[in-house]
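Reviewing the structure listed below.
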Amino acid sequence: MDISICSYSFHRLLADGKQDIFGYITACKTLGCTFLDPWNGHLPVLKKGDAAADAAEDPLRAAHLDNAELEHLASVKAAAASVGLPFGLIAVDGAHIYESDARKRSANRARAYRWLEVAGRLGARQVRIDAGGPEEMPDEVFGIICDGYRDLIARGSEYGLQILIENHWGPSKIPDNVIKILENVQGLGLLLDTHNWKEGLKDEGRRRCAAYATATHIKTLEWDAEGNEIAEDIPRAIGYLKQAGYRGCWGIESCPKDGQEMEAARRSVALVRRLVR
-18 MDISICSYSF HRLLADGKQD IFGYITACKT LGCTFLDPWN GHLPVLKKGD
32 AAADAAEDPL RAAHLDNAEL EHLASVKAAA ASVGLPFGLI AVDGAHIYES
82 DARKRSANRA RAYRWLEVAG RLGARQVRID AGGPEEMPDE VFGIICDGYR
132 DLIARGSEYG LQILIENHWG PSKIPDNVIK ILENVQGLGL LLDTHNWKEG
182 LKDEGRRRCA AYATATHIKT LEWDAEGNEI AEDIPRAIGY LKQAGYRGCW
232 GIESCPKDGQ EMEAARRSVA LVRRLVR
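Each residue of the sequence shown is one higher than the one before, starting from -18 at the first, in the working numbering.
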């Protein structure tokens, strides 16, 4: 089985200056992962360039990587190659599709284009870009979201990338909305987060959307003294995915309430391995 852990699982270590992208790569090797799934927050050198693109008169024309960014990417790719781990999914924040203001939409699209190039240069397989927008998703918003994903899918194909929506925030926390978007945008995949559903819709979202999943964030939050996850009913969530015939990488997003990120990551990897096998 293939297994990975999103680097957001270590965002506290990152914020405290105790881990960077290179430390994340080493941690994944130690944990026994088979793919790397970085969150773009672990690539701050590249995120700085997003702001420069935003400030440009035409953000889409400014959506390029400079020499310093290319050098940093090369060092990241070399570090991954040195431990034999390929890049799988890159989760991108700050490049969502819908904004009510057209100028903001254009700036976000420029950011998305930059991150598609990043993913392509790293040899990644998938990129998650959020839908954005209000939870209720009126028709105009739905149309903009679908058109945006179609554009990103075409752009991503130049790098051999699959574009994913995630049930994350806004309209994507509603199972009906996720399915509606997926069924109207050919080639769009789903990063299924087992936790991020509107209150009262978690089990429905897990069950109905399992068949659409092309990547996962198995979300773990809280552990007892015996090493059991006690907040999320992970066996049930994985059961839905197995019943649906899921064959992708078993990605984890560990967000421990006690803040012990490395220990929670170890426990999460062990739990998912046990349940999938």
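Each residue gets a CB set at the ideal place from its N, CA and C atoms; glycine is no exception.
- Message: Within 10 Å of its beta-carbon, does residue 152 have 16 or more other beta-carbons around it, so buried, or fewer, so exposed?
- Response: buried
- Does DSSP classify residue 144 as helix, strand or coil? strand
- What residues in its chain sit with their C-beta under 8 Å from that of residue 258, if we drop five residues either side in the sequence? -18
- Message: Considering just the uninterrupted stretch of the alpha helix (DSSP H) at residue 200, what are its terminal residues?
- Response: Note, residue 200: premise wrong, no alpha helix (DSSP H); beta strand (DSSP E) at 194 to 201.
- Message: Whole angstroms are fine: how far does the CA of residue 244 sit from the CA of residue 52?
- Response: 33 Å
- Touching or not, the segment 192 to 210 and the segment 219 to 232, by the rule of three or more beta carbon pairs under 8 Å? yes
- Considering only residues of the same chain and omitting the five flanking positions on each side of residue 137, which have a CB-CB separation below 6 Å? 97 and 144
- Item | Between the CA atoms of residue 240 and residue -7 - distance to the nearest angstrom | 8 Å
- Query: Cβ of residue -5 within 8 Å of Cβ of residue 22?
  - Reply: yes
- Query: In chain order, what residues of the same chain lie with their CB nearer than 6 Å to the CB of residue 122, ignoring the 5 residues before and after it?
  - Reply: 79 and 114
- Message: Assuming the contact rule is C-beta atoms closer than 8 Å, residue 101 and residue 148 should be a hit. Round their C-beta distance to whole Å, please.
- Response: Incorrect: roughly 25 Å between the Cβ atoms, too far for contact.
- Below 8 Å CB to CB, which residues in the same chain sit around residue 192 once its five sequence neighbours on both sides are set aside? 225 and 226
- Quick one: Cα of residue 255 to Cα of residue -9, how far? 22 Å
- Task: Buried or exposed for residue 238, please, with buried defined as at least 16 other CB atoms from any protein chain shown within 10 angstroms of its CB.
- Result: exposed
- Cα-Cα, which of 162, 155 and 168 is closest to residue 180? 155
- Query: Do the CB positions of residue 221 and residue 248 come within less than 8 Å of each other?
  - Reply: no
- Message: Looking at the strands, I want to know which residues DSSP matches up with residue -15.
- Response: 232
- Task: Check each candidate in 16, 250, 75 and 150 and name the one with the smallest Cα separation from residue 116.
- Result: 150
- Task: Please confirm if the segment 73 to 87 is in contact with the segment 48 to 64, defined as three or more CB-CB distances below 8 Å between the two stretches.
- Result: no
- Task: Note the first and the last residue of the continuous alpha helix (DSSP H) segment covering residue 251.
- Result: 242 to 257
- Could you tell me the distance, in whole angstroms, from the CA atom of residue 20 to the CA atom of residue 72? 5 Å
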